[in-house]
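Those protein sequence lines, which keep their order, are chains G and R.
Counting from 2, one number per residue, gives the positions in the first sequence under this note's numbering.
Counting from 2, one number per residue, gives the positions in the second sequence under this note's numbering.
Glycine included, C-beta positions come from ideal geometry on N, C-alpha and C.
Below is one structure, written out as structure tokens; comments come after it.
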Amino acid sequence: MLDKIAYVAVLAFVMVTADLKQYRLARFREKVAYGSLLAVALYLGIVFVARRQEWPNLSTLFDLLKGPAGKLVKSLS
Amino acid sequence: MNRPASISSIQMATLFLFFMTGSSIVLIPSPLTHAAGAGAWLSLIIAWSMGALLLACLLYLYRKNPDLSLLSSCRLALGTIPANLLMIPIVLVMFWNVAGIVSEIGLFFKSTMLKETPTSVVHALMFIMISLTARAGIVVIARMSALLLTLMVAFIFIVLIMVSNLYQPDFLLPVLPNGIGPVLQAAYIAYGFPYSELIVFAFILPLVRREESRKVSKHLYIALSVNGLLLLISILGSLLVLGPLSGDLKYSLFQLARLIFIREIIERIESVIGFSLIVGFYFKASILLFILVRTVVEWLDLRDERLFALPIAFVCLLLSVTTYTKESSLNEMVNVVWPLLDNLCYVLPMLLVAAVTFLRSILTRRTRD
Chain G
2 MLDKIAYVAV LAFVMVTADL KQYRLARFRE KVAYGSLLAV ALYLGIVFVA RRQEWPNLST
62 LFDLLKGPAG KLVKSLS
Chain R
2 MNRPASISSI QMATLFLFFM TGSSIVLIPS PLTHAAGAGA WLSLIIAWSM GALLLACLLY
62 LYRKNPDLSL LSSCRLALGT IPANLLMIPI VLVMFWNVAG IVSEIGLFFK STMLKETPTS
122 VVHALMFIMI SLTARAGIVV IARMSALLLT LMVAFIFIVL IMVSNLYQPD FLLPVLPNGI
182 GPVLQAAYIA YGFPYSELIV FAFILPLVRR EESRKVSKHL YIALSVNGLL LLISILGSLL
242 VLGPLSGDLK YSLFQLARLI FIREIIERIE SVIGFSLIVG FYFKASILLF ILVRTVVEWL
302 DLRDERLFAL PIAFVCLLLS VTTYTKESSL NEMVNVVWPL LDNLCYVLPM LLVAAVTFLR
362 SILTRRTRD
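Shown next as structure tokens:
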């Protein structure tokens, strides 16, 4: 678990450090959008570190199409 | 990316060719031959034809509004609120699309060259590279593409020529032992990946210099034809050497490279070939990340594109390590769910916008008359 925390933290630190100068100059709108992306990244980071694959993610949405897509493939073959 | 940048029509076609061929040349032969056997080349031709139709639709929109991206065309045709709502699934799928390409790179390394290295490390290194590339902007990407594309295509031909002593033409028959069904199933896979993905280019076609906008159609069709030809020869090459086994062995071109043996002088060169093939994955991911960043910035009416390259790449990285982490689930996603998802989230919105634009142009013409 520690290695995963370090993995996410180091990458996040590098990203924020690289963007800090531009972030300070950005408008409020850009700052909100950047913050929203960081919030999503934080959530996904927790999913990754805690190995909570069952938590809601994009795959949860996409898997809703598994049934119809499977039927479509079967009908083709 | 923060200054207005434009590229030539040929550069856009090169990016298009790289995007369409990049990862598919390594990944496509195996699922296609697995589903359709020796009829895989027929499936590719069917999927390619569908791709050509989609390209025609995309170019129709471009001809109507050469300065507008798909998002702006959508806003013009449907209005701001419906367009913004339509963008939600497109952007979500694009996020996973970038993550999916990198997941495939991770799997490729895991099962071929870097078996002991954690996949998340490969993903992180890949994302650092693609985010810096996307941050550098379209002009830099376009300039890089010519050399790297030449390198990739050259290595593909080198592999196919060096294994030519192993070709067995008998493996190309029978073409349809179980009827047309398996061929259609394989065509469905190839249509989803890579052909329906070409829609994303509708977001960056306005980056072509205005004076060259007339040449775009011709160049993109040439690029699509070259892509079809490259995929076709890679499928035929895999079938000619591996025969029925080509469906069971992933990364056919890499497997072919392993078989190269010329008088004990040239052998075991698959790693060199493998890294050149990875260039295709890297470039496809970079182009798509650039398109994603540009689309998000345009959608949310933001100014500084450079600022968003890293956080978007970071979200994509975390998606790649938290979704479809098992090989079987990723394969099911790509081969079964992805074509339908692409149709719903990429193709359908574009067809809708094209249909509305077409109807509006007819109505406008009639009103004038």
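In its chain, beyond the 5 residues on either side, Ile292 have a beta carbon closer than 6 Å to the beta carbon of Ile205(R). Contact between Phe156(R) and Ile236(R) does not hold, since the beta-carbon distance rounds to 17 Å and is not under 8 Å. Interface annotation, Arg269(R): not in contact with chain G, CB-CB separation never under 8 Å. In the DSSP annotation of this structure, the continuous segment of the alpha helix (DSSP H) that includes Thr22(R) starts and ends at Ser10 to Thr22.
Met2(G) sits exposed, since fewer than 16 C-beta atoms from the chains shown fall within 10 Å of its C-beta. Under the 8 Å Cβ criterion, the segment 306-314 of chain R counts as touching the segment 6-21 of chain G, having at least three qualifying pairs. For Pro57(G), not one C-beta of chain R is nearer than 8 Å to its own C-beta. Judged by their CB atoms, Ala286(R) and Val99(R) are nearer to each other than the 8 Å cut-off.
Cβ neighbours of Ser104(R) within its own chain (closer than 7 Å, five residues either side excluded): Ser321, Tyr325 and Leu331.
About 6 Å separates the CB atoms of Glu268(R) and Ile261(R); that is less than 8 Å, so the two are in contact. Chain G places a beta carbon closer than 8 Å to that of Tyr189(R), counting this residue as a contact. Every alpha helix (DSSP H) of 4 residues or more that sits fully in the segment 305-334 of chain R is shown, in chain order, as 306-323 and 328-333. The beta carbon of Glu213(R) is closer than 6 Å to those of Ser9 and Ser10 in its chain, skipping five residues each way along the sequence. Residues of the same chain with a CB within less than 7 Å of the CB of Trp56(G), apart from the 5 flanking positions on each side, are Val48 in chain order. Below 8 Å, too few C-beta pairs join the segment 133-142 of chain R and the segment 350-366 of chain R to call them touching: fewer than three.
DSSP places Pro170(R) in no alpha helix (DSSP H); its state is neither H nor E.
At a C-beta separation below 8 Å, Phe315(R) has these neighbours in chain G: Leu12, Ala13, Met16, Leu38 and Ala42. Counting the other Cβ atoms within 10 Å of the Cβ of Thr15(R) gives 16 or more, which makes it buried. For Leu73(G), the nearest beta carbon of chain R is closer than 8 Å to its own beta carbon. Look at Glu55(G) here: in three-state DSSP terms it is coil, with no helix or strand label. Per the C-alpha coordinates, the member of Phe110(R), Leu161(R), Gly80(R) and Trp42(R) positioned closest to Leu177(R) is Trp42(R). Restricting attention to Leu87(R), Val316(R), Leu342(R) and Asp370(R), the CA atom closest to the CA of Gly36(G) is found in Val316(R). Asn336(R) sits away from Ile129(R), with the two beta carbons spaced by 8 Å or more. Linking Tyr222(R) to Ala7(G) through their CA atoms gives a straight-line distance of about 47 Å. Taking 9 Å as the cut-off between beta carbons, the residues of the segment 108-123 of chain R near chain G are Pro119, Ser121 and Val122, in sequence order. When Cβ pairs closer than 8 Å are counted between the two stretches, the segment 105-123 of chain R is seen to touch the segment 248-257 of chain R, the count reaching three or more. Separation of Val201(R) and Glu265(R) (C-alpha to C-alpha, rounded to the nearest whole angstrom) is 46 Å. Taking the Cα of Ala147(R) as reference, the smallest distance to any Cα among Gly23(R), Lys65(R) and Trp97(R) is reached at Gly23(R).
Under the three-state reduction of DSSP, Val140(R) is assigned to helix.
Shown here for Val184(R): same chain residues with a beta carbon closer than 6 Å to its own, the five before and five after excluded, namely Ala37, Gly40, Leu43 and Ser44 in chain order. In the three-state reduction of the DSSP assignment, Val209(R) falls in the strand class.
Two segments are said to touch when three or more pairs of C-beta atoms, one from each, lie closer than 8 Å; by this definition the segment 56-68 of chain G does not touch the segment 163-176 of chain R. Contact with chain R is absent for Arg25(G), since none of that chain's Cβ atoms lies less than 8 Å from the residue's Cβ. Given a length threshold of 4 residues, each whole run of the alpha helix (DSSP H) inside the segment 76-137 of chain R is given here in chain order: 81-112 and 120-137. Chain-ordered, the chain G residues with CB closer than 8 Å to the CB of Ala125(R) read Tyr8 and Leu12.
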